[in-house]
Amino acid sequence: MYKKVKNELRRQALQKTPRVSGALASAISEESEKAQSPVRYQPLILKRTAAAVLAVLIAALAIFGTFRISANLPEVPSSESPRSVHGQIGLILVSAAGTDEEETFSVTAHPDAAIELPVKGLLVVEPLADDSDRTRIAAEHSIYGKMRDYLQYLTTESRTHRVSIRAMTNVLVGYGTLNTFILGVPDTDALENIRISLEGFGVMELMPADMSDLHPWEYLSDKEIVLTKEQYVNTYRTDNAMQGTGLFTYWSVCTELLNALDKDPDFSLSDIRSEVTFTVSFADGETQSFQVEISFNGSGEMRAVYKNK
Amino acid sequence: MTNRELDALLRRIGGGDKSALAVLYEGFRMPVYYYALRLTGNPQKAEDVMQETFLAILRNGRNYRSDGKAAAWIYTVARNKAMDMFRKEGNELPLSQAEELEAVSSPFDGDAYPGMLSVLNEKERDIVILRVLCGFTLTEIARDKEMPKGSVFWSYNNAMKKLKKHLKEEGESHV
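Protein sequences, first through last, are from chains A and B.
Under this note's numbering, the first residue of the first sequence is numbered 5, with each subsequent residue one higher.
Under this note's numbering, the first residue of the second sequence is numbered 36, with each subsequent residue one higher.
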């Protein structure tokens, strides 16, 4: 509710927020300068906790404009479908953030909808002619350059994206993705379970509400997971004042895809497809299901289409 | 910025990764600034408090304990910085923190706030700032302001209706 009011208020507030100065400016700019220096190769440069590189990259970019995804979205009516007796099950997409840029999609209101989601992502593959440090550093530099250009183009101050580089035998693979899907289920009393399944390349990650230091996100194994009502309510349901309440999920590049890119130098990025299906079942037998189809174009740019199933 | 993201950034800063400060600053400067503005009522002081808050986080990030309340921790730092500032200015603060701040805050500087907030009364404005700009839940606001939850809910909804109407009228006047 009141999304336009909130957005306008935050826009005005951000305009009136002073920029950094004094000692704090020095502290921040020092780190930004460090971040612009080349990064030496390490065998597994970044794992899931690629936040370190993300921070360096973001600091180096120094491009904290605002990318408002809502402006790119089609109009989506928010009325609730009469066929749902358990409230408006929704998918909140948290993407190229700003302060809390997000969009809610009502699955029940759009039985035939196929809506392009404003997720962003770039996959870059750099071949390694040999295994010398020089080659690797050059490849890594190239990836960083492409990522930086892409993110600069977005002029985002995203809260939710990750950047990572994985070293394979024949290639370095870099990817930056902006996508967090929050599945909101208002009527948890009547909930039976939530099933998330995935076909094709990729992996889904789930965020438990009480994240630990060691395992901030959990990978969905075997391409499918069924969460019971108790698991959802007690472990996964995250309440975030800014972004919403629900099951926080994230699509990411999987090892299988990295291996495929490593093995085949002619692997076309446009062959990468992944379909995530969320199915919510209630104790009275009602089921609601919808999908997000993720793909890449030949340039490695990610796209996602939301569909009711 | 979510508590999870704030938590991760604070842990990185605590672990010595100072580059995370730039990310934290960009993502959370606006909420901290408006929180400080509420406390001080003065844009210049709010800016000082905001900057002191982030410097304190940089210096003392190792003291942060990850407990899922990252935003609350940052606001506590900001509140303490505001208190420090008042003390330096010679204000003795014998009361509880909330009362102290109420007692010594500068007069309200209306121009420092987003223009659309001018249609709200002081109580409504404060609730809207805490909810929309700082990300507090209405329950937390009720606790903070020692008001009945129902009153906070009612005031918030009333305020948002006013703002919505104001935006609509403004839009129509530009047609």
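Note that CB positions come from ideal geometry on N, CA and C, so glycine has one too.
Leaving out five residues on either side along the sequence, give the residues of the same chain with a beta carbon under 6 Å from the beta carbon of A/A308. Taking the first residue of the first sequence as 1, we reach residue 308 of chain A at position 304. Excluding positions up to five away in sequence, the list reads L121, V123, V296, I298.
is_contact[B/F89, chain A] using C-beta, thresh 8 Å: Taking the first residue of the second sequence as position 1, residue 89 of chain B is located at position 54. So, interface residue.
What span of residues does the beta strand (DSSP E) with A/R321 cover, start to end? Here chain A comprises residues numbered 5 to 313, so residue 321 of chain A is not present and cannot be evaluated.
Contacts around A/Y254, its chain only, beta-carbon distance under 6 Å, and the 5 residues preceding and following it disregarded: Counted from its first residue, the first sequence places residue 254 of chain A at position 250. Excluding sequence neighbours, A/Y254 sits near T184, E209.
Please determine, among B/F171, B/K197, B/I162, the residue with the shortest C-alpha to C-alpha distance to B/S186. In the second sequence, residue 186 of chain B corresponds to position 151, counting from 1. Of the listed residues, the one whose Cα sits closest to B/S186 is B/I162.
Run of the beta strand (DSSP E) containing A/M208, from where it starts to where it stops: The residue you call residue 208 of chain A lines up with position 204 of the first sequence. Element bounds for A/M208: 207-210.
Residues that DSSP places opposite A/R170 in a beta bridge: Residue numbering aside, residue 170 of chain A sits at position 166 when the first sequence is read from its first letter. A/V177.
Just to confirm my understanding: we take A/R199, look at its own chain, exclude 5 residues before and 5 after, and list those with CB closer than 6 Å. What are they? The residue labelled residue 199 of chain A in the question sits at position 195 within the first sequence. Counting only Cβ-Cβ distances below 6 Å, and skipping sequence neighbours, we find V230, T283.
B/I48, enclosing alpha helix (DSSP H) - first and last residue: Walking along the second sequence from the start, residue 48 of chain B turns up at place 13. Where B/I48 is concerned, the enclosing alpha helix (DSSP H) stretches over 38-49.
Unbroken alpha helix (DSSP H) run spanning B/V154, endpoints: What you label residue 154 of chain B is simply residue 119 of the second sequence in a count that begins at 1. Neither: B/V154 is in no alpha helix (DSSP H) and is coded neither H nor E.
Could you check the C-alpha separation between A/E144 and A/L126 for me, to the nearest Å? Taking the first residue of the first sequence as position 1, residue 144 of chain A is located at position 140. Taking the first residue of the first sequence as position 1, residue 126 of chain A is located at position 122. Rounded to the nearest angstrom, the two C-alpha atoms are 15 Å apart.
Strand pairing of A/T283, partner residues [DSSP]: The residue labelled residue 283 of chain A in the question sits at position 279 within the first sequence. Beta-bridge pairing links A/T283 to A/R199, A/S293.
A/P131 and B/Y68 closer than 8 Å at C-beta: The residue given as residue 131 of chain A occupies position 127 in the first sequence. The residue given as residue 68 of chain B occupies position 33 in the second sequence. No, they are not a contact pair.
Along the segment 185-202 of chain B, where does the CB come closer than 8 Å to a CB of chain A? Name the residues. M195, L198, K199, L202
Are the C-beta of A/P190 and some C-beta of chain B separated by less than 8 Å? Residue mapping note: residue 190 of chain A aligns to position 186 of the first sequence, counting from 1. A/P190 does not count as touching chain B.
CB of A/T184 to nearest heavy atom of the ligand MN: below 7 Å? Annotation note on the ligand MN: not contained in the displayed structure, which lists no ligands.
Among A/G206, A/Q292, A/A194, A/T242, nearest to A/L265 - alpha-carbon criterion: In the first sequence, counting from the first residue as 1, residue 265 of chain A sits at position 261. Closest by alpha carbon: A/G206.
Contacts of B/G51 in chain A (Cβ-Cβ under 7 Å): On the second sequence, residue 51 of chain B is found 16 positions in, with the first residue counted as 1. The premise fails here: B/G51 is roughly 11 Å from chain A at the closest Cβ pair, so nothing lies under 7 Å.
Taking DSSP as the reference, what is the three-state secondary structure of A/A59? What you label residue 59 of chain A is simply residue 55 of the first sequence in a count that begins at 1. Per-residue confidence for A/A59 stands at a pLDDT of 34, beneath the threshold of 50, marking its modelled position as unreliable; the derived number appears in the next sentence. Reduced to three states, the DSSP call for A/A59 is helix.
Per-residue DSSP class, three states only, for B/G76: Indexing the second sequence from 1 puts residue 76 of chain B at position 41. Here B/G76 sits in coil by DSSP.
How many whole angstroms separate the CB atoms of A/I147 and A/V128, which I take to be in contact at a CB cut-off of 8 Å? Position 143 of the first sequence, counted from the start, is the residue given in the question as residue 147 of chain A. Position 124 of the first sequence, counted from the start, is the residue given in the question as residue 128 of chain A. A/I147 to A/V128, Cβ: 5 Å. Contact.
Any contact between the segment 180-197 of chain B and the segment 151-168 of chain B? By contact I mean 3 or more CB pairs, one from each, below 8 Å. yes
Using the beta-carbon count (16 or more within 10 Å), is A/F294 buried or exposed? To locate residue 294 of chain A, count along the first sequence from 1; it is residue 290. Buried.
Can you check whether the CB of A/G302 is closer than 8 Å to the CB of A/S272? One-based indexing of the first sequence puts residue 272 of chain A at position 268. One-based indexing of the first sequence puts residue 302 of chain A at position 298. The answer is yes: Cβ separation under 8 Å.
Any Cβ of chain A within less than 8 Å of the Cβ of B/M151? Start at 1 with the first residue of the second sequence, and residue 151 of chain B comes out as number 116. It does: the Cβ of B/M151 has a partner Cβ on chain A nearer than 8 Å.
Mark A/E106 as exposed unless 16 or more other C-beta atoms lie within 10 angstroms of its C-beta, in which case mark it buried. Within the first sequence, numbered from 1, the residue matching residue 106 of chain A stands at position 102. For A/E106, the pLDDT reaches just 40, beneath the cut-off of 50, and the residue's location in the model is therefore unreliable, although a value from the coordinates is still provided. A/E106 should be labelled buried.
In chain A, what lies closer than 9 Å to B/V167 by C-beta? Taking the second sequence and counting its residues from 1, one reaches residue 167 of chain B at position 132. By Cβ distance, chain A contributes Y6, V9, K10, L13, R14, A17.
A/V9 to A/E260, Cα distance in whole Å? For the purposes of this step, residue 9 of chain A is taken as residue 5 along the first sequence, with counting starting at 1. For the purposes of this step, residue 260 of chain A is taken as residue 256 along the first sequence, with counting starting at 1. Answer to the nearest angstrom: the Cα atoms are 44 Å apart.
Does DSSP classify A/T21 as helix, strand or coil? Reading the first sequence from its first residue, position 17 is the one you call residue 21 of chain A. Coil at A/T21, not helix or strand.
Is any beta-carbon of chain A found at less than 8 Å from that of B/Y69? On the second sequence, residue 69 of chain B is found 34 positions in, with the first residue counted as 1. Chain A contact via Cβ: present.
For A/L28, go through chain B and note every residue whose CB falls closer than 7 Å to its CB, in chain order. For the purposes of this step, residue 28 of chain A is taken as the residue at position 24 of the first sequence. Within chain B, the residues near A/L28 are Q86, F89, L90.
With distances taken between CB atoms, is the gap from B/C169 to B/Y60 smaller than 8 Å? Translated into positions along the second sequence, residue 169 of chain B becomes position 134. Translated into positions along the second sequence, residue 60 of chain B becomes position 25. For B/C169 and B/Y60, no; Cβs fall outside 8 Å.
Quick check on B/L56 - is its C-beta less than 8 Å from some C-beta in chain A? By 1-based counting over the second sequence, the position of residue 56 of chain B is 21. By this cut-off, B/L56 is an interface position.
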